[in-house]
Amino acid sequence: MNKSPKIVLLLLFMLISGTLTAQKFGYIDSEFILNKHPDYKVVQQELQNLSDAWTKEAQSLDKEIKEMYVQLKAEEVLLTEEMYQTRLREIKEKEKASQVFNSRIFGIDGQYFQKQAELLQPLQSKIYDAIERVSRKNNLALLFDKASVPSGIIYTDPRHDYSEFVLDELGIEDSN
Numbered sequence: 058m059n060k061s062p063k064i065v066l067l068l069l070f071m072l073i074s075g076t077l078t079a080q081k082f083g084y085i086d087s088e089f090i091l092n093k094h095p096d097y098k099v100v101q102q103e104l105q106n107l108s109d110a111w112t113k114e115a116q117s118l119d120k121e122i123k124e125m126y127v128q129l130k131a132e133e134v135l136l137t138e139e140m141y142q143t144r145l146r147e148i149k150e151k152e153k154a155s156q157v158f159n160s161r162i163f164g165i166d167g168q169y170f171q172k173q174a175e176l177l178q179p180l181q182s183k184i185y186d187a188i189e190r191v192s193r194k195n196n197l198a199l200l201f202d203k204a205s206v207p208s209g210i211i212y213t214d215p216r217h218d219y220s221e222f223v224l225d226e227l228g229i230e231d232s233n
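Note that the working numbering has the sequence shown beginning at 58, numbered continuously upward.
Right under this line is the structure:
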């Protein structure tokens, strides 16, 4: 009874592996393709400019908070307990606003990542369409992405690399 599932699995594996050996396969390196695409450089520059502006704004908030602490420390002896607590509360509110800003901009679903997805989507669509055309032209049943994490690909034979074909399909010259 225990051998029956093992035999079925073995037969299934042999059947699947037999059909896979008859299939043509290849791989691409999407990171290589992206880095060669001129639109990617434009997108990267735009994202860098946005990131720099937002980082500058975050640093400005942090600097303002530090200055508020320094000023509070310098005037501490002159303030009543109530005035001190009011100032401290203002600083804490500013810190919270800074954290909210950083989360809203650079958090998991922040504006930076939303903008990145928005800018990269058209480029990724172009590349995907080119990959699909190359796969159809070359009768590929499977096309792996060497750059995807985790790929599990330990070794790749350069004969099966279709990255250059995708670049050609996109009209991009590879100038190593």
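We put the CB at the ideal spot given by N, CA and C, even for glycine.
It should be emphasised that the depicted structure is a prediction, and the values quoted were computed from it without experimental measurement.
Given that a residue counts as buried once 16 or more other Cβ atoms are within 10 Å of its Cβ, and exposed if not, what is residue i?
| i | result |
| --- | --- |
| Leu135 | exposed |
| Ser117 | exposed |
| Ala187 | buried |
| Met58 | Here the model assigns Met58 a pLDDT of 49, short of 50, so the residue's position is not dependable, and the following value carries that caveat. Exposed, since its Cβ has fewer than 16 Cβ neighbours within 10 Å. |
Which whole-angstrom value is the C-beta distance of residue i and residue j, which I expect to be below 8 Å?
| i | j | result |
| --- | --- | --- |
| Lys203 | Asp96 | That belief does not hold up - the Cβ atoms of Lys203 and Asp96 are roughly 21 Å apart, past 8 Å. |
| Leu129 | Arg146 | Incorrect: roughly 11 Å between the Cβ atoms, too far for contact. |
For residue i, I'd like the list of residues in its chain whose CB is within less than 8 Å of its CB, leaving aside the five on either flank, ordered along the chain.
| i | result |
| --- | --- |
| Asn159 | Ala115 |
| Gly167 | Ser160 and Arg161 |
| Ile184 | Ser87, Ile90, Leu91, His94, Val223 and Leu227 |
| Ser108 | Tyr169 |
| Glu121 | Lys151 |
Taking the straight line between their C-alpha atoms, what separation do you get for residue i and residue j?
| i | j | result |
| --- | --- | --- |
| Lys123 | Val157 | 17 Å |
| Tyr141 | Val99 | 50 Å |
| Ser182 | Ile165 | 23 Å |
| Val206 | Glu150 | 40 Å |
| Ala110 | Arg216 | 44 Å |
| Asp119 | Ser155 | 7 Å |
| Asp218 | Lys153 | 50 Å |
| Glu175 | Glu132 | 48 Å |
| Glu189 | Gln171 | 26 Å |
| Thr137 | Asn106 | 45 Å |
| Asp214 | Lys194 | 20 Å |
Who are the near neighbours of residue i in its chain, counting only those whose CB is closer than 6 Å to its CB and skipping five residues on each side?
| i | result |
| --- | --- |
| Met125 | Ile148 |
| Phe270 | Only positions 58 to 233 of the chain appear in this structure, which leaves residue 270 out of reach. |
| Gly83 | Leu197, Leu200, His217 and Tyr219 |
| Glu139 | none |
I'd like to check one pair, residue j with residue i: are the Cβ atoms closer than 7 Å?
| i | j | result |
| --- | --- | --- |
| Lys113 | Asn196 | no |
| Leu180 | Ser192 | no |
| Gln173 | Leu104 | yes |
Once you ignore the five residues that flank residue i on each side, which residues in its own chain have a CB closer than 7 Å to its CB?
| i | result |
| --- | --- |
| Gln101 | none |
| Ser220 | Ile85, Asp86, Phe89 and Ile90 |
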